[in-house]
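Here the protein sequences line up with chains A and B, keeping their order. Count along the first sequence from 1, then add 148; that gives the number in this note's numbering. Count along the second sequence from 1, then add 148; that gives the number in this note's numbering. The structure appears below as structure tokens.
Number of protein chains: 2
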Amino acid sequence: MSVQAPSPKAAPSGSGISRAIDAVFNPRSIAVLGVTRSPGTVPYDIFHNILTTSYTGVLYPVAPGKRSIDSVRAYRYLTDIEDDVDLAVIVFPANVCERALEHCAKKGVKAVIIISAGFREVGPEGLRREQRIKDICDANGIAMIGPNCLGVINTDPAMSLNASFARKMPAQGRIAFLSQSGALCTAVLDYALGKGIGFSKFVSFGNKAGLTEMDLLEYLRGDDQTDMILLYLEELRNGRKLIEVAQRITRGPGAKPILAIKSGRTPQGASAAASHTGSLAGEDAICEAVFREAGIIRVTSIEELFNSAIMLTYQPLPKGDSLAIVTNAGGPGVMATDAAVGSGLTIAPFAPETTAKLSAALPAAANIKNPVDVIGDARSDRYIAAMEAVLADAAVDQMLVILTPQSMTDIEGIARGVCEVHAHATKPIACSFMGACDVVGGIDILQAANIPHYILPEWACRAMADVQRVIKWRSQPAEEPQQTPADQAAAAAIIDPAPAGYLREDQALAVLKAYEFPVPAYKLCRSADEAVEFADSIGYPVVLRIVSPQIVHKFDVKGVALNLESAQAVRDAHRDMMNSVHAAVPDATIEGVIARQMVPAGHEIILGAKQDAVFGPTLMFGLGGLFVETFKDVTFALAPIGPASAMRMVKDVKAHSLLEGARGTEPADIEAICQCLLRLSRLVTDFPRIAELDINPLLVWPAGQGGAVADVRIKINGETQPK
Amino acid sequence: MSVQAPSPKAAPSGSGISRAIDAVFNPRSIAVLGVTRSPGTVPYDIFHNILTTSYTGVLYPVAPGKRSIDSVRAYRYLTDIEDDVDLAVIVFPANVCERALEHCAKKGVKAVIIISAGFREVGPEGLRREQRIKDICDANGIAMIGPNCLGVINTDPAMSLNASFARKMPAQGRIAFLSQSGALCTAVLDYALGKGIGFSKFVSFGNKAGLTEMDLLEYLRGDDQTDMILLYLEELRNGRKLIEVAQRITRGPGAKPILAIKSGRTPQGASAAASHTGSLAGEDAICEAVFREAGIIRVTSIEELFNSAIMLTYQPLPKGDSLAIVTNAGGPGVMATDAAVGSGLTIAPFAPETTAKLSAALPAAANIKNPVDVIGDARSDRYIAAMEAVLADAAVDQMLVILTPQSMTDIEGIARGVCEVHAHATKPIACSFMGACDVVGGIDILQAANIPHYILPEWACRAMADVQRVIKWRSQPAEEPQQTPADQAAAAAIIDPAPAGYLREDQALAVLKAYEFPVPAYKLCRSADEAVEFADSIGYPVVLRIVSPQIVHKFDVKGVALNLESAQAVRDAHRDMMNSVHAAVPDATIEGVIARQMVPAGHEIILGAKQDAVFGPTLMFGLGGLFVETFKDVTFALAPIGPASAMRMVKDVKAHSLLEGARGTEPADIEAICQCLLRLSRLVTDFPRIAELDINPLLVWPAGQGGAVADVRIKINGETQPK
């Protein structure tokens, strides 16, 4: 077998790489390269982990100069092994990895896990090194995990593989965990062990030079051991791809929820992330948009990640968002109510028969409204009666059971009571036995029965609210990007030959016109006469706007004249404008003025787009002026979008009510805004050279009356299009 | 000794009640009334708790028909006890408590704890019952805790008192805990036990019919066992009093931080609270204002309460808000950076010498910028070097140490390393050893050395941010309410005789004028002639506004005419207005029109005030229109206020930047706004009959140019003032 020369075009086909990924998780044989005999060194620890956690395949240590490691016969070179080797684990120093990979290629290894650090995260030289190993893998169809990672775990008893230097093998479970940070995995494993949470697959993918989160997500989509996926990301490199892959997983029959932490939320965090794994974290608001479109539930902490995961894994999905609370203490009931409502859940109103049942079963001092207070001396019989009554109520979609350890509280008895009710319940149940010592016995009973338990009722509510996000996503129909009509050639004729920088205003307007934006009649006029002639042809009033590459802020130099009612007014305005512009910017090259229809006032909308280095073309929507600047009240989406996404962008700003006719105004033409967003989506998707585009404002009139582009700027990036 | 007849005027003097409160915490003798021999009953459990937790005074069971309880001689009646009894604990059914209290009064008992429920929380009859027992206590100078509570704990070894039915006595500590919910206390005690947190005093004050949170706070101010106070409240009954008491505790020499949870944040939560302890929860935004003025740090969960408490108790206050992070894992470092910045902390930039030290001590792959990553194979020597280096940096105010349990991580060794550094550190340190199993040994070592530990770095950051709130509060100078000049008699002449309902517009303007608000010249005119005469005297342009008790929304019936430039315009407008108003509201009684100076446009400000049933006179500030309605961007304060509070109200709205000259506008006259807030503060404090007052808008001009009241409505409440 010979090593193929690296070639960027030799990337393996989809099915090939998918077979190769399978060798990461289900290898029939593994070689660990460079194993020593010293516990506490990574190669030994990994070898030892595989050996001692009942891996069902064959394990080969490669250890030049050693006859055996832990009684297992050792090999001098990988190529000395007589058997096929599916998976190789490499922990050599970064500069030796390339050689090792060449050996792997020669041996026909299907997959490698590169634990070693010292690649892209250490700067340009590391990045080059990373590219070289990636090229070898690509050229030889080797699936690579890493570099700079902790390794891979597959708890499937048919494999029982811990190819990582984690301290412990987690329990088997139906949750897969993918992490960009290796060290975080060690904390997560320890944390999960404490909570009794099991995993199906556990992957630290590090620098993701070979297999990325997309490949792994795609693999897990078909993994019958996995019901849901948790993801820790420090950067996104391809938002559009993530949306495609995640949508396939999170929607439709056999959908699996994906929960994710994306760190680097703040600019400081993003800069720390960059120095850590060499990530280029994108703007957080755009990440948010990506996750929303992808159907990925973004959470903010490991606590929330697991809290929501156990609710999704262990309990059925509820029908709706209404909650019943059963508690033996009023205070926590009040706090839980606050938390539930604050998280977007509703407090179920009980039917009269429920109230009657509660009234019959509970003492007079109890509260039989929701939250139900069975009061401090309640034992399991009273809890059971209350739980059965509220679960039977059609208005109740899910239940939270709260217990405080009062002196008469039979904690374990009540826990068993919850288990009894849970055994035949069809609605989700969560518990909060509050405390840390006396309640432990009860919590153990609940967890053994897979009833989600949360130390604080607030966390239970938050987890239930995340479940609602999953339900909402699934109920949202999938949509295709919409191709609005456009004269693409006309736009290309302007954009393709344009140099880097801003398009002239008439060109920018022409581009929008080609994409059928509502652009008022306009003309670039070289003289006052020409402007008057044009104004006469379209009718008054008109607007004049100066056109000069040196003048960006036209208003500041009196380069805009509004509401000109007559030919004379146009002439006067033209003269005054030339004078004031010359006075303000003596060196400006004046290319003329844009004469334009004066359009009626309306809601001021801002539509923006930019080519993001990480995410590609992105769209922004906001209400004019104050809302954008003071409240950052804007929404983002990745282009291209469809009609439902456009509507979501409009509806998700806080100031949205203003467009629906708040404060006595007429409702705005929201349909016209959505149409413009769809046109913008197509425009920036068709022309990657559009670096930035701002329509500010788009004036929008009452419903059915449309709107008009009042100002636009389009910035073209450096490389001109090949002819 | 004879029982004094209850009389509302016989409330004990301050020093008397303070001596009586001391009998709650430091009784020389205690009687528990109605003790049985059955474990699991509240009277027995309380008796047993006192007996078995080494109470240093004398304990007397009162148990008719029993010779002894747990070998302690029992008494038939309280009055049979030969000794003085300082404290009585009462657990009788609600309807027997009154009798029991009469016995206490006869015996000269100084303080009582009434555990029993069945009072205000069960409705009007319970409230009456509660009033009767309160009257007996007041008349006899008895300090009462409860009813409807868990009891009281004093861990001072000189007393060692657990007069509660909590399952366990907490450890001694320097934190006092006061709770309106008794059952919550049981959860908190169990939780604290798990975290190794001790308490000085622990009080469940229930319905607070006798001693309220104010009395207890005041007592704890002088308690040398207590360094900080935690408070759980479901309702506030007197916001102004709480501000006074809390300010004395949280400021000045010997200041003690107060952290509080106030539940019933949401309307649904408030309604659950009302059904629970009969609370009337006030508007949450006003609570927020009360806590801010009181210097009470409001937190949102029990987790945050303790997280912040241990930071405040165990660590010195930092000099500023800058944080250094030392971690052995990049991912958690990024997440902590996000959390720190998100909580308002800053990430310290390191001095060159710090970077040099880090560079010398750490391997090449380490990150020597903040967050410092000592990387996965770090042992305690590397951690210690990094910690010493960053703590020595003058730009670092506090440090967070993060550990993930990687295979080579010597968890306990590193914990001991942190302890070494902590032993001579002068800056606050917190740790996050992430996980739940392997890290436990390390966490125990840290907690034993009083180094705050948090499972998640996010929580550490939140706790440190709460510490910043304490520092900010202390740096804020105390201020006296400001008495703005006012002609109180002139206002009284209008308000005192007014019937319930809205003042006529000219009267409302006259009230504002008496308090020296900037009210433009105006007159109530009965005819067009009168209006013209007045307009001639003040000069044009003027405004006419209809005056009719039936017409609230003047604009809707064309009852406002703006910008009238001449006598003829005034006459025309007057005629048109009469016609349109008659057409729109044929039955309206027209009392005339207000003729008024037309004032220039300006920033539109809303100033509001209302008499709140719970908080008394409250003030509101917001920017006109959209900001108030769409974004709820308003601030509240309790009247009376001083200049600093007025400025805070203005600066705390999000849209504040608009007043400072954002978007090319001139800065507004903020001083004029503050002056109006101070005038409003005095006005509503002087006249409790002002139920609601809205100045909407106050037009405010550029700095130095003042502003003008453009519209005002004042609603007077039902009871007319006694002459």
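Backbone N, C-alpha and C fix where the C-beta goes; we use that ideal spot for every residue, glycine too.
Under 7 angstroms by beta carbon: chain B residues contacting residue i
i, result
"M495/A", "Here the sequence assigns Ile to residue 495/A, which means Met is not the residue at that position. Those are Q416, listed as they occur along chain B."
"R315/A", "P553, S555 and D586"
"G289/A", "Here the premise fails: no neighbours, minimum Cβ distance about 30 angstroms."
"T334/A", "T552, P553 and Q554"
"G524/A", "A331"
Contact list for residue i against chain B, beta-carbon separation under 8 angstroms
i, result
"R268/A", "Going along chain B, no residue has its Cβ under 8 angstroms from R268/A, so there is no contact; the nearest lies around 13 angstroms."
"L604/A", "S449, I450 and E451"
Alpha carbon of residue i to alpha carbon of residue j, nearest angstrom
i, j, result
"L826/B", "L381/B", "30 angstroms"
"F347/A", "K404/A", "14 angstroms"
"R693/A", "G740/B", "50 angstroms"
"F439/B", "H722/B", "50 angstroms"
"G294/A", "F173/A", "14 angstroms"
"P605/B", "Y203/B", "40 angstroms"
"V857/B", "P666/B", "6 angstroms"
"G854/A", "C824/A", "10 angstroms"
"A540/A", "E501/A", "10 angstroms"
"G148/A", "K575/A", "Because chain A is modelled from 149 through 871, residue 148/A falls outside the range shown and cannot be assessed."
"T360/B", "L199/B", "27 angstroms"
"R277/B", "S219/B", "35 angstroms"
"I406/B", "L551/B", "31 angstroms"
"V244/B", "G402/B", "43 angstroms"
"I603/A", "L326/B", "21 angstroms"
"A319/B", "P187/A", "42 angstroms"
"G479/B", "V336/A", "12 angstroms"
"K255/A", "E246/A", "14 angstroms"
Amino acids of chain A, ordered along the chain, whose beta-carbon sits closer than 8 angstroms to that of residue i
i, result
"K343/B", "A584"
"V798/B", "Residues of chain A passing the Cβ test: none, with the nearest at roughly 15 angstroms."
"T574/B", "Ordered by position in chain A, no residue passes the 8 angstroms Cβ test against T574/B, which lies about 26 angstroms from the chain."
Pair within 7 angstroms by beta-carbon distance, residue i and residue j
i, j, result
"N476/A", "A526/A", "yes"
"C609/B", "A504/B", "no"
"A253/B", "N310/B", "no"
"A872/B", "S793/B", "This structure cannot settle anything about residue 872/B, because the visible part of chain B is limited to 149 through 871."
"E752/B", "G770/B", "no"
"M376/B", "T461/B", "yes"
"G790/A", "Q624/A", "no"
"A669/B", "Q745/B", "yes"
Counterpart residues of residue i in DSSP-defined beta bridges
i, result
"Q546/B", "L471/B"
"G809/B", "Answer by DSSP bridge pairing: none, since G809/B is not bridged."
"M292/B", "V260/B"
Neighbour list for residue i in chain A, Cβ cutoff strictly below 7 angstroms
i, result
"E382/B", "G479 and V482"
"A513/B", "A265, G266 and V270"
Contacts that residue i makes with chain B (C-beta to C-beta distance below 9 angstroms)
i, result
"N476/A", "A331"
"A248/A", "Going along chain B, no residue has its Cβ under 9 angstroms from A248/A, so there is no contact; the nearest lies around 19 angstroms."
Problem set entry | 4 or more residues per run - each alpha helix (DSSP H) lying fully within the region 420-505 of chain B | 432-442, 450-462 and 478-490
Exercise. Which whole runs of the beta strand (DSSP E) in the region 700-729 of chain B are 3 residues long or more, in chain order?
Worked result: 708-712
For this session: Taking only runs that begin and end inside the region 526-595 of chain B, name each unbroken beta strand (DSSP E) of 3 or more residues, in chain order.
Result: 546-551 and 577-581
For this session: Would you list, in sequence order, the uninterrupted beta strand (DSSP E) runs of no fewer than 3 residues that lie entirely inside the region 315-379 of chain B?
Result: 323-327 and 349-352
Problem set entry | Continuous beta strand (DSSP E) assignments of at least 3 residues falling wholly in the region 648-702 of chain B | 670-673 and 690-695
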